[in-house]
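Residue numbers (full-length UniProt numbering): 1 to 225.
Glycine residues also receive a C-beta, built at the ideal position from the N, C-alpha and C atoms.
Every value quoted in this text rests on a predicted model; they were computed, and no experiment measured them.
Below you'll find the structure, written out as structure tokens, and then a few comments.
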Ligand SMILES: *[C@@H]1O[C@H](CO)[C@@H](O)[C@H](O)[C@H]1NC(C)=O
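So this is what it looks like as structure tokens:
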């Protein structure tokens, strides 16, 4: 696993994943079209942010992704935190076994405090500063429970892994953590995509994958590694 990673905050609608490349080493993988994460101990820093669920036998449901950048500090998308009364009810489930189901003895983390980027929603495109820092109520003591942030913007054509529990091509939320390898595109191509998403050059990047794999609904806050 890479020890340096870039963290990308996915919006529900910011996936610009296309099928127009003919790379032969193709990625038959899923998140939306990703594949299940099976490697034991992979992605320990990934968190499922969960909210109360009144309509299901399970009391909590996956809402957004997040990433531990310190043992008690999580990054996620700002838009995941816009309802303060919901934030106070968050149950954050770190990735113990690639499942979003909360086990009886799983340590769950609550939000102690949080800061939304001060410029979020101040000017368009709103995707420019869609990021927030969350202080958890206590540290996650597991080894490797942190992801080191990238110190630079990754070049076009870099392969990154995206992971998450968002919807897939054939289920609603995925029960198992999914991953896919995607390739970073250049800003100009991202701007040319007609997705309805207001792409912010420099602040955002978009990706492609020949299978059409990408993040989707409820993948907000997920990392690209
Ligand atoms: C914010 O969350 C609370 C608690 O779940 C909910 O009752 C309320 O309707 C939400 N507000 C908005 C504007 O969605």
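Anyone know if the C-beta pair for residue i and residue j falls short of 9 Å?
i	j	result
residue 66	residue 51	no
residue 221	residue 64	yes
residue 69	residue 136	no
residue 81	residue 114	yes
residue 75	residue 131	yes
residue 147	residue 225	yes
Between residue i and the rest of its own chain, which residues show a CB-CB distance below 8 Å, the 5 nearest in sequence each way excluded?
i	result
residue 177	36, 37, 43, 46, 95, 98, 99, 100, 163, 164, 165
residue 156	184, 185, 186
residue 158	183, 184
residue 71	139, 140, 141, 145, 146
residue 41	144
Relative to the alpha-carbon of residue i, which residue among the options has its alpha-carbon at the smallest distance?
i	options	result
residue 153	187, 80, 136, 139	187
residue 184	89, 131, 160	160
residue 102	90, 145, 111	90
residue 105	113, 93, 115, 111	93
residue 117	151, 191, 77	77
residue 140	73, 151, 60, 172	73
residue 211	218, 169, 195	169
residue 122	79, 84, 61, 196	79
residue 58	192, 144, 71, 175	175
residue 208	62, 218, 193	193
residue 108	41, 39, 138	138
residue 171	218, 55, 40, 143	218
Who are the Cβ neighbours of residue i in its own chain at under 6 Å, not counting the five residues just before and after it?
i	result
residue 125	198, 200
residue 119	129
residue 203	128
residue 111	87, 90, 134
Bridge partners of residue i, per DSSP?
i	result
residue 109	92
residue 99	176
Might you give, ordered along the chain, the residues of its own chain that have their beta carbon closer than 7 Å to the beta carbon of residue i, omitting 5 neighbours on each side?
i	result
residue 61	50, 51, 53
Inset, instruction - Name all residues in chain order for which at least one heavy atom of ligand 1 lies closer than 6 Å to the residue's CB. - result: 83, 85, 86
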